[in-house]
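A short write-up of the structure that comes next.
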Amino acid sequence: MDSCSGSRIFDLIVVGGGVMGSSTAYQSAKRGYRTLLLEQFDFLHHRGSSHGESRTIRATYPEHYYSKMVMEAWRLWEEAESDAGFRVYTKTSQLDVGPADNKSLKAVASSCQKNSLPHLILNHEQLALKFSSRVSIPENWVAVSTELGGVIRPTKAVSMFQTLAFQKGALLRDNVEVIDIRRDEVRGGVRVYTSNGEEFLGRKCVVTAGAWAKKLVQKVCGLELPIQAVETPVSYWRIKPGHEEKYSIGGVDSFPTFASYGNPYIYGTPCLEFPGLIKIAIHGGCPCDPDNRPWRQGFQLDALKEWIDKRFQGIVDSSGSVLNQSCMYSMTPDEDFVIDFLGREFGQDVVVGGGFSGHGFKMAPIVGRMLVDLAFTGKTEGVELKYFKIGRFQENPKGNAKDYEDQVSFSLNPDGQLGCME
Ligand SMILES: Cc1cc2nc3c(=O)[nH]c(=O)nc-3n(C[C@H](O)[C@H](O)[C@H](O)COP(=O)(O)OP(=O)(O)OC[C@H]3O[C@@H](n4cnc5c(N)ncnc54)[C@H](O)[C@@H]3O)c2cc1C
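full-length UniProt numbering applies: residue 1 is where the sequence shown begins, and numbers increase by one.
This is the structure:
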């Protein structure tokens, strides 16, 4: 007898309930597909990549192909917010700084031009004037300033997508680990098996398993995706009493979301989630096994302390962070996403969305749409897929060729110093 009764048959089964899977489930249910979302842990858990207090959304990228995607993602964030009836995004501007000869920052400026994104290139004096001396750069640095920045509240956003998916008819199940996906030779489509002995049938399946994608895909079909889990620390620093307003988000003098190019690449968000604290972190970390993490708290890197002291002119206490959290990136060698059919025996029935390399959150609505498009139509509307194909690693193990510096350094030693991870 067939173990899949009607209630276990779906148009789309989504594996992994982080932001990408939840957005995919929403996009799918919205189009009327019978949708199932399976998550191995509790929904909104803190063991993956999508939890926490803030994620930057910015249109500035060294790679020209992301800016266009962000602009469309913005529209889709607004659409989802209006479906939900509440906001997950707070607007501010975006500031990118770095040495004038930094290739990535130069690429950011040319990508702004190529995509006709309104932006200003500022020297150290112009920057001081624009931001009323709240941030300072050396004379040999430049800044790229755009109005297109902001902060997304991640846990609230994931919950929004899950609620919307549920409202549109999706079935959401947590604490259900997917242990295998097999081609259904009889009916076509796939069979999805879980650790509690259940079995579901899907016409299509999307795998959005974050840092676990490599393990799951390898188990399912033997393919080794070059996706490395990296544990990354997030730190909050205290703004000295009396200056808190200067670094807050909102209002006419809203402080920007920011990124500093160079080694290490440093990023941050204005004061929003914890009064008096500002998030400033290094875009990097240590490779890890997602099932056996060290849970290290905050690297107290000298380079980061020095950066905070100099850029914020002593107004942010750089002696040590006061609040630390831990999160995971899933890194590809070229820091570009993997959005493609799994292929092999599954043909076009299983689609993978992974390797979001520490910059995917802002893209979740468009990635969800792309994954559903791919699953049901075999192509994506308005987005070029060639940069995200799995096959790029066969042509070149490093993936897409780039003639500028890596953004993420995953060569931080456990003691927080920059080291060499071969
Ligand atoms: C500290 C930090 C800061 C970041 N900052 C930014 C930022 O400012 N801007 C930005 O755009 N992006 C940012 N990112 C990146 C962004 O958060 C991630 O790209 C995004 O959250 C990835 O989502 P995901 O759904 O792919 O992965 P996850 O959120 O990890 O979701 C994958 C889910 O799949 C589940 N799963 C795995 N295997 C199975 C299985 N076998 N069965 C069932 N479920 C399974 C996991 O439990 C998990 O819930 C940041 C990331 C971190 C960690």
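Backbone N, C-alpha and C define an ideal beta-carbon position, used for all residues, glycine too.
All values derive from a computational prediction rather than experimental measurement.
Query, Result
"Beta-bridge pairing of Pro-99 - partner residues as DSSP gives them", "Trp-141"
"Neighbourhood of Leu-148 by C-beta, 7 Å cutoff - its chain only, sequence neighbours within 5 removed", "Arg-58, Ala-59, Gln-94, Leu-117"
"Residue from Val-252, Lys-379, Glu-231 with nearest C-alpha to Lys-130", "Val-252"
"Test item: CB-CB of Val-15 and Val-178 under 9 Å", "yes"
"Residue of Gly-189, Lys-215, Ile-137 minimising C-alpha distance to Leu-122", "Ile-137"
"Distance cut-off 8 Å: Tyr-267 Cβ against heavy atoms of ligand 1", "yes"
"Ile-339: first and last residue of the uninterrupted beta strand (DSSP E) it sits in", "338–341"
"Close beta carbons around Thr-269, own chain, < 7 Å, minus the five adjacent residues each side", "Ser-54, Thr-56, Val-151, Thr-257, Lys-279"
"Closer than 8 Å: Val-350 CB and nearest ligand 2 heavy atom", "No copy of ligand 2 occurs in the structure displayed; its ligands are ligand 1 alone."
"beta-carbon Tyr-61 near ligand 1 non-hydrogen atom, thresh 8 Å", "no"
"At least three beta-carbon pairs within less than 8 Å, the stretch 387–396 to the stretch 319–339", "yes"
"Ser-235 versus Asn-324 - alpha carbon distance", "5 Å"
"Phe-356 CB to nearest heavy atom of ligand 1 below 8 Å", "yes"
"Close-in-space but distant-in-sequence residues of the same chain around Pro-397 (CB under 8 Å, 5 per side omitted)", "Pro-226, Pro-333"
"Segment limits, alpha helix (DSSP H) that includes Cys-221", "213–221"
"Cβ-heavy atom distance, Thr-146 to ligand 1, below 8 Å", "no"
"Inter-residue Cα distance where the pair is Glu-405 and Asn-196", "45 Å"
"Cβ pair count under 8 Å reaching 3, the stretch 154–174 against the stretch 10–28", "yes"
"First and last residue of the uninterrupted beta strand (DSSP E) at Thr-232", "228–238"
"Cβ-Cβ distance between Phe-43 and Asp-184 below 9 Å", "no"
"beta-carbon Ser-321 near ligand 1 non-hydrogen atom, thresh 8 Å", "no"
"Whole beta strand (DSSP E) elements within the stretch 163–201, 3-residue minimum", "171–173, 178–183, 190–194"
"Closer than 8 Å: Lys-362 CB and nearest ligand 1 heavy atom", "yes"
"Own chain partners of Glu-39 with C-beta closer than 6 Å, once the 5 adjacent residues on each side are dropped", "Gly-17, Asp-174"
"Distance, Leu-301 Cα to Glu-422 Cα", "Low per-residue confidence applies at Glu-422: pLDDT is 27, beneath 50, and the placement is therefore not dependable enough to give any value."
"Residues near Tyr-89 by beta carbon distance below 6 Å, same chain, minus five either side", "Trp-77, Gly-150, Ile-152"
"Contact test: Met-69 Cβ vs ligand 1 heavy atom, cutoff 8 Å", "no"
"Contact under 9 Å by Cβ, Leu-223 with Ser-248", "no"
"Buried versus exposed, by CB contacts within 10 Å (16 or more), Gly-358", "buried"
"Which of helix, strand or coil DSSP assigns to Asp-11", "strand"
"Own chain partners of Glu-139 with C-beta closer than 7 Å, once the 5 adjacent residues on each side are dropped", "His-124"
"Cβ-heavy atom distance, Ile-179 to ligand 1, below 8 Å", "yes"
"Cα-Cα separation between Gly-419 and Ala-209, rounded to whole angstroms", "With a pLDDT of 44 at Gly-419, under the threshold of 50, the predicted position of this residue should be treated as unreliable, and no value is reported."
"Euclidean distance between Cα positions of Thr-24 and Pro-365", "8 Å"
"Cβ-based burial, Pro-294 [other Cβ within 10 Å; buried from 16]", "exposed"
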